[in-house]
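Protein chains in written order, with full-length UniProt numbering: chain X, 1 to 297; chain L, 1 to 297.
Positions of the beta carbon are idealized from the N, C-alpha and C atoms, including for glycine.
Comments concern the structure below.
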């Protein structure tokens, strides 16, 4: 089984061509829905009383929501704007709301999960919650600049407590204080994790383990609509695929990184979660096949 | 046969750790030496009376220099500084010297070349000189921001007169006025060239033809010493490999793009041309094999 822990949000997304208000969002939402095309993931998170039935229905359609707590107050809100290239995002506002006091607990039914994804949560919380699982075969965490700047030592500790770290290129540089991504990955591995996956947006990803690097270009996209959630969809697709294979063989992990890229490429094709919620499994398989042909030489 | 036309220079390279003055450089120097590991290229260029015997010896060791004119005056000089990440270069000074009045002529012995590489020269000169070849099977040109800013229409005309364009990502965006590299490549192809190769530095390259994209990640490097000439070595390696196969089959062109990446990765390992002049053919073959294993999934 796979468990995903992280934020469920109302997102306001501003691109040069459109503003979408109060869309279903959040790192865990994207990751869990993305993973759901490979396995049915359990989701741990919190929503407020304002969380509408329609969004609850979307979650229920894709994931096991027994771990989603309905708390008094308003759902976490995020508001961000993209620049004209859709590659730089500025945060306009974050309202923690119910997320602020959330004390996540792993439901009994999720404790035996072999695969666990900890999204970009408070690193102290991630480090604590991973210990509540009894049977972890492969754990993965993400982080963001906010935690790197405010709780760097806790981020480092968290990274030593999981099997793999998935992180953006710019955040990997910020965290490790180096410009070279290979040096950055090596440093993160020194902190105790076995695998580092650096996400490079339109340039794909780099998977590091031992002395090996597996670069995987992005599935090239001419029309990007909304990059929100691409990284979370990457992580969800990657660990979802691994979980479906119930394997941590390196050849499977390499394939999983490619599935991560594929899921990220779907995520950016529409606003909000609609790039991935409209998918069928054969769409993913087909794009994986096209990808394989694309990179062949 | 392959002919390379472009600049031969004295380079002053300033990195945060070292300054190298009056090193042998120039786009055509890098491209021709890189290509020489696949075929013996003919070189068209000009040097001044100050060009030392030692540099002439390096050129003679790798290329056919019957097309190199020794003119009255000083050799072309370039002086540039890299930032701390080695990814941004600022031009401190350019002295055209003998390059200013150079009227390139294709030597009789080179006219039958099936493969022609026109480096980042004046686009008007490139468009004129390609017509002096009788038997071209595959021509390729590069350009730089200087020509895009000063002679954009001539750059566009040049691109329509060759089979393929190799260009940096930033320059492709500047030239086509778009941020998306797929849109940029399509626009360049509309101007009449069949293949576009966009070089993305540490992120590798994208080869475009018809409706197809072949992304090829860079051979990942932990220690980059000097990026000077990496793009020219890429282009030289690519067209050198094609010329050695005497083929323009698409499968060969894809392999050639990988060889381009490989040659670029060697170029950055040492200052100046020494990253490639010290190579032996088996080194290249070996790295190509490692690359193939690296990207496999």
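| query | result |
| --- | --- |
| So, residue 275 of chain X versus residue 231 of chain X, is the Cβ gap smaller than 9 angstroms? | no |
| So, is the C-beta of residue 180 of chain L closer than 9 angstroms to a C-beta in chain X? | yes |
| For the beta strand (DSSP E) that contains residue 302 of chain L, what are its first and last residues? | Summary: the structure shown does not reach residue 302 of chain L, with chain L confined to residues 1 through 297, and so no result is reported for it. |
| Is the stretch 56 to 70 of chain L in contact with the stretch 277 to 291 of chain X, if contact means three or more CB pairs nearer than 8 angstroms? | no |
| What does residue 206 of chain X touch in chain L if you count any residue whose Cβ is under 9 angstroms from its own? | 217 and 220 |
| Could you confirm whether any beta carbon from chain X is found closer than 9 angstroms to the beta carbon of residue 186 of chain L? | yes |
| Nearest by alpha-carbon distance to residue 118 of chain X: which of X/246, X/136, X/37 and X/173 is it? | X/136 |
| Less than 7 angstroms between C-beta atoms, sequence neighbours within five positions excluded: which residues of the same chain meet that for residue 145 of chain L? | 171 and 174 |
| Can you give me, in chain order, the residues of the stretch 51 to 69 of chain X that have a beta carbon less than 8 angstroms from any beta carbon in chain L? | none |
| Might you give, ordered along the chain, the residues of its own chain that have their beta carbon closer than 7 angstroms to the beta carbon of residue 158 of chain X, omitting 5 neighbours on each side? | 123, 126, 127 and 141 |
| Three-state secondary structure (DSSP) at residue 77 of chain X? | strand |
| Return the residue from the list L/97, L/10, L/220 and L/48 that minimises the CA-CA distance to residue 22 of chain L. | L/10 |
| Short of 7 angstroms in beta carbon distance, which residues of its chain neighbour residue 112 of chain L, apart from the five on each side in sequence? Order them along the chain. | 1, 134 and 135 |
| In the DSSP assignment, what residue or residues form a beta bridge with residue 70 of chain X? | X/47 |
| Cβ of residue 255 of chain X less than 9 angstroms from any chain C Cβ? | Annotation note: the requested chain C is absent from the structure, which comprises protein chains X and L. |
| Once the 5 residues before and after residue 51 of chain X are set aside, which same chain residues still bring their CB inside 6 angstroms of it? | 75 |
| DSSP on residue 187 of chain X, reduced to helix/strand/coil? | helix |
| Taking the alpha-carbon positions, what's the residue 178 of chain X to residue 188 of chain X distance? | 11 angstroms |
| Measure from the alpha carbon of residue 48 of chain X to the alpha carbon of each residue in X/34, X/30, X/68 and X/41, then state which is nearest. | X/68 |
| Please determine if the stretch 259 to 278 of chain X and the stretch 79 to 90 of chain L are in contact, where contact requires at least 3 C-beta pairs separated by less than 8 angstroms. | no |
| Compare the C-beta of residue 86 of chain X against all C-beta atoms of chain L and say whether one is closer than 9 angstroms. | yes |
| Under a Cβ-count criterion, where at least 16 other Cβ atoms within 10 Å of its own Cβ denotes burial, should residue 72 of chain L be classed as buried or exposed? | exposed |
| So residue 215 of chain L is in the beta strand (DSSP E); what residue range does that whole segment cover? | 212 to 216 |
| DSSP three-state call for residue 1 of chain L: helix, strand or coil? | coil |
| Taking the alpha-carbon of residue 225 of chain X as reference, which of X/258, X/193, X/272 and X/242 has the nearest alpha-carbon? | X/272 |
| Hey, how far is the Cα of residue 286 of chain L from the Cα of residue 220 of chain L? | 15 angstroms |
| How should residue 65 of chain L be labelled, buried or exposed, when 16 other C-beta atoms within 10 angstroms of its C-beta is the threshold for buried? | buried |
| How many angstroms separate the CA atom of residue 294 of chain L from the CA atom of residue 101 of chain X? | 45 angstroms |
| Is residue 29 of chain L helix, strand or coil when you go by DSSP? | helix |
| In chain order, what residues of the same chain have a beta carbon less than 6 angstroms from the beta carbon of residue 154 of chain L, not counting five sequence neighbours either side? | 123 and 124 |
| Helix or strand or just coil, what does DSSP make of residue 139 of chain X? | strand |
| Please confirm if residue 183 of chain L has its CB atom under 9 angstroms from at least one CB of chain X. | yes |
| Which bits of chain L does residue 213 of chain X rub up against, with CB to CB less than 8 angstroms? | 220 and 294 |
| Report yes or no: is there a C-beta of chain L within less than 9 angstroms of the C-beta of residue 202 of chain X? | yes |
| Assuming residue 38 of chain X and residue 240 of chain X make a contact with CB atoms under 8 angstroms, what is their CB distance in whole Å? | 4 angstroms |
| Here's the rule I'm using: 16 or more other beta-carbon atoms within 10 Å means buried, otherwise exposed. How should residue 176 of chain L be labelled? | buried |
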